[in-house]
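> In the numbering used here, the protein residues as written are 15 to 404.
Here it is, the structure, as structure tokens.
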Amino acid sequence: MPTSLKHILVLESDRAFALRLGRALNRIGNYNVSMVPTLKEACLQLVQNDQDLAFVPVTEGAKIIRSLRAVQPDLRVILVMPSGDEEIPVTYSGNVQGVLIKALVDVELETLVENVARQPVVQTGKPGSQVTPDAIRSLDTANLIATLQEAHLGRLLQTIVFARGSKLLAYWGELNEREAAAVALHVGENWQENDLPSRLQFIHLPARAGDLLLFTHEVVEDFLVTVVALPEAPLTEVRQQARRMAKKLTAVLSGRVMAHTGLLGNGFGLGKRPSYVIVWRPTEQLPRQLHIPLRRAISRLAAANACVLTHVQVQADLVQIVVTVPPGRDAGWAAYLFKNGSEQTIHQEFEAEGSLWETGFYVSESAEPLAEAELNLFLNSPAEPTNPAG
């Protein structure tokens with residue numbers, strides 16, 4: 015089988031057929047198959063991970079394809095037909111890479127997938143592009159986040175979200191990753207219908223009181239930067255922040271500059287800087303009013319010590335960060351800096367006393383946060399830490 019296809023998305027409300035198709039795919043190749051029953055879940059799946067191929071039903075297929083390609087423009091699509099007696103609507107001409115009849119899934123699937131894999135990836139880029147495909151592939155998440163960290167955030171201006179269409183690339187601020195992905199999806203869904211370089215919208219996110227204001231500015235082509243703010247934020251300030259970040263991101267995308275990290279000039283040697291995932295526990299459940307101050311304290315410590323944070327998770331029973339540190343610094347240095355430094359900040363700001371954190375921490379050299387299952391193992395482990403620290 016061709017190896018160019020690895021991640022396959024199956025959008026199918028009929029669970030029995032979805033499972034049948036998934037089993038058939040696993041018989042003919044080593045694929046990572048994701049099965050979802052609704053268009054919304056399919057779009058969220060694309061926001062989180064690029065897919066090489068999607069199977070979509072013919073019913074409302076045109077709408078589905080438009081929505082999926084709004085998130086991932088180069089997505090290959092196979093149309094699933096209930097029977098061979100139906101004609102393929104003319105609207106699909108040139109928009110799909112193959113057609114699968116449900117009854118023939120065990121007969122035609124392997125040949126069909128082979129043919130689709132040999133077809134070139136769908137090209138939807140605009141002529142005269144300012145951003146080359148190589149530049150897009152080489153985008154460094156740490157570099158993007160370091161750029162976003164230059165934004166002036168606070169109580170009113172809360173988060174910066176950077177996306178390509180509806181696909182989240184990087185974010186910084188008070189929203190978590192799922193909320194930032196929801197913002198990217200909301201903003202990018204109908205952006206192509208917008209003739210202006212900017213747009214003002216509102217969004218309501220679960221578990222947050224009231225609506226949030228979204229001001230989006232086009233960086234270049236379908237790259238979008240969005241400032242997420244409280245509705246009472248001064249619109250002039252929001253607009254200026256979005257345009258300022260758009261200019262910085264344009265320079266990063268074109269390869270003219272690297273984000274300022276306080277290290278080795280313009281970021282030379284960034285790839286040689288180690289990244290660590292660090293997790294530690296509070297002595298007791300963290301009250302909710304400390305979550306945001308802790309995130310801000312950790313962010314300030316990173317900026318002051320030439321570190322780049324790519325993930326910050328503060329919850330009642332743990333703190334998890336992923337951080338890229340300067341050359342010559344190790345995991346122990348990073349853990350001490352963020353664990354003890356954040357505790358000192360809370361003591362000063364809230365005039366608190368006593369130890370905020372349990373002794374010790376978990377650390378591993380990695381650019382990715384721990385999965386939920388790994389975090390659960392950490393939370394359920396004895397109080398004695400893997401890596402003792404102050």
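Even glycine gets a Cβ: it sits at the ideal position worked out from N, Cα and C.
In this text the structure is predicted, and so the values were computed from the model without any measurement.
(1) So the candidates are D120, P288, G179 and T264; which of them puts its Cα closest to the Cα of V85?
(2) Check this for me: beta carbons of D66 and H21, under 8 Å apart or not?
(3) Taking the straight line between their C-alpha atoms, what separation do you get for N40 and E122?
(4) Take N9 as the anchor and find which of R90, V201 and A330 has the nearest alpha-carbon.
(5) Just to confirm, are A349 and Q299 a CB contact at a threshold of 8 Å?
(6) Cutting at 6 Å between CB atoms, please list the residues of its own chain near V252, excluding the five before and the five after it.
(7) Whole alpha helix (DSSP H) runs in the stretch 188-267 with 4 or more residues, listed along the chain?
(8) With a threshold of 7 Å on Cβ separation, who are the neighbours of L304 within its own chain once the five nearest residues in sequence on each side are excluded?
(9) Mind listing, in chain order, the continuous beta strand (DSSP E) runs of no fewer than 3 residues lying wholly within the stretch 37-68?
(10) For E379, is the classification buried or exposed, using 16 other Cβ atoms within 10 angstroms of its Cβ as the cut-off for buried?
(11) My assumption, with CB atoms under 8 Å, is that A38 sits in contact with D120. Please give the rounded CB distance.
(12) Who are the Cβ neighbours of L158 in its own chain at under 8 Å, not counting the five residues just before and after it?
(13) Does the beta-carbon distance from L370 to T297 come in below 8 Å?
(14) Should S81 be labelled buried (16 or more other beta-carbon atoms within 10 Å of its own) or exposed?
(15) Taking a contact to mean a Cβ-Cβ separation below 8 Å, would you say L257 touches H231 in this structure?
(16) Which residue's Cα is closest to the Cα of M259: Q163, V333 and A131?
(17) Less than 8 Å between C-beta atoms, sequence neighbours within five positions excluded: which residues of the same chain meet that for S289?
(18) Within 10 angstroms of its Cβ, does I441 collect 16 or more other Cβ (buried), or is it exposed?
With the given structure in hand:
(1) For V85, the closest of D120, P288, G179 and T264 by C-alpha to C-alpha distance is G179.
(2) yes
(3) 14 Å
(4) Lying before the first or after the last residue shown, residue 9 is absent from the chain, which here runs from 15 to 404.
(5) no
(6) F229, V241 and A243
(7) 191-202 and 249-267
(8) For L304, where only same-chain residues beyond five positions count, the Cβ hits under 7 Å are I360.
(9) 46-50
(10) Under this definition E379 is an exposed residue.
(11) Between the beta-carbon of A38 and that of D120 there is about 6 Å, and that keeps the pair under the 8 Å contact cut.
(12) F176, L183, A184, L263, V266 and A273
(13) yes
(14) Around the Cβ of S81, a 10 Å sphere holds 16 or more other Cβ atoms; the residue is buried.
(15) One detail in the question is off: residue 257 reads as Arg in this sequence, not Leu. It is a contact, given that the beta carbons lie within the stated cut-off.
(16) Q163
(17) A156, T324, V336, V337, T338, V339, E379, S380 and A381
(18) The requested residue 441 does not occur in the structure, where the chain is confined to residues 15 to 404.
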